[in-house]
Amino acid sequence: MSLKGKAYIVGAYEHPTRKAVDRSVAQLHADVARGALADAGLSLSDVDGFFCAGDIPGWSAPGTGPFSIVEYLGLQLRHLDTTESWGSAYINHVEHAVEAIVAGKCRVALITMAGRPRAEAARPDRMHGQVMDTPEFAFEAPYKPVVTNVYGMVAKRHMYEHGTTSDQLAWIKVAASHHAQHNAHAMLRNVVTVDEVLNSPMVSDPLHRLDCCVISDGGGALVVVHPEVAQGLKRPLITPTGAGYAIRQLNGGYFDILKSGGVQSGRQAFEQAGVTPHDIQYASLYDSFTITVLVQLENLGFCAEGQGGRFVADGGLISGIGKLPVNTDGGGLCNNHPANRGGMTKVIEAVRQLRGEAHPDVQVPDCRLALAHGTGGQLGGRHGSATLILERE
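Heads up: the sequence shown begins at 5 in the working numbering, then just goes up one per residue.
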């Protein structure tokens, strides 16, 4: 059954900071909550459902975690959801919010994320969630897997299987930079060339420095409401129509490194929405690395397996030029990757496009159907994939 018309995204806000030297994580949550609610024309007193993940204080340390943020914001709730799925969590939370609204558990759902990895100088090579007592640790630690070399392994395999080139991967960064030049808050606003990407230092063969995303502080928030609430607000009606979620496990090493959870989550989302990849006018795709985008394009069905390199080459992802505008805010490669959890910003930019509020130089004309996709964890390793299809009524 389609999600269409069951609930609406009426508020979206991306924190402008990229280095929060004067804000705590709790303050960042409060900033984005107020920003999204103001965008919707609502207030904290209207919120009766709260959705968050493990970026909140106290989650993995002594304290009350999500309860602390609920109290910090002064929320009076009927429903709380703290589902943790890393970078895909906030896309997943939109689906959960719609389900909670349909079930009568809440009418105004607030989704927030925030973090300070840049200000706190968090190690970018630290594995997501690695702890000594996880069951896989003894089997994987001897191989020294970190984020960069795992993604480098995926890129190298794609090159081996399909003849993909570093030049083609570089075009994904080039597209992001063309978009980021129009974003006043983007960390990297200079347009780069393919040669500049290839001449940047090698990080993990075949990935160069400019194939990698930025690390930033900040966050974002969304407000999802019951249709009756939406009708009383003066905001464009953006409704989720399809959603999917899938966990991709390693199966003891017997798996295809080029197949992400997006194969299943994308199929679920398209079937529920009743549309195909060819119907999508704009896509927000998780871009921790250039290879992340290329694999998702294939896994979600925007191009055939092995054809991702040709699809992105020569400006294929640049708005107004290419076949499919992708990450028109500059994405994680150039704009913002808050707390290493990019799923939130993917939904926010999709909402901007559907509202017609993206920068004029990257706005997709008459954009009515968009997709947001997030990866929580690592391609090439265990992860969860979330896909969300949004429509403007």
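C-beta: ideal position from N, C-alpha, C; glycine also.
- For T21, the closest of A180, L79, M191 by C-alpha to C-alpha distance is M191.
- A direct Cα-to-Cα measurement between G53 and A11 gives close to 13 Å.
- The beta carbon of S323 lies closer than 7 Å to those of H183, P329, T332, V366, V368 in the same chain, with the five residues before and after it left out.
- In the three-state reduction of the DSSP assignment, V227 falls in the strand class.
- Taking each of T116, I325, H282 in turn and checking the Cα distance to C307, the smallest one comes out for H282.
- DSSP lists S389 as the bridge partner or partners of A250.
- Going by beta carbons, G310 and H166 fall inside the 7 Å limit.
- When DSSP states are grouped into helix, strand and coil, I284 belongs to the coil group.
- Sequence-distant partners of T87 (beyond 5 residues in either direction) whose C-beta falls short of 8 Å from its own C-beta, in its chain, are F55, A57, A93, N96, H97, H100.
- Its Cα nearest to that of G222, the residue A37 stands out among L46, V14, A37, L237.
- Between the segment 150–160 and the segment 240–254 there are fewer than three C-beta pairs closer than 8 Å, too few to call the two in contact.
- Going by beta carbons, R122 and I219 fall inside the 7 Å limit.
- In the pairwise beta carbon analysis, the segment 346–354 is classified as not touching the segment 264–271: fewer than three pairs are separated by under 8 Å.
- Separation of G326 and I284 (C-alpha to C-alpha, rounded to the nearest whole angstrom) is 13 Å.
- Positions of the beta strand (DSSP E) runs, each at least 3 residues long and wholly inside the segment 34–118, are given as 53–55, 83–85 in order along the chain.
- Taking 7 Å as the cut-off, the Cβ atoms of G312 and L301 count as close.
- Residue pairing of R396 in beta bridges, as defined by DSSP: I242.
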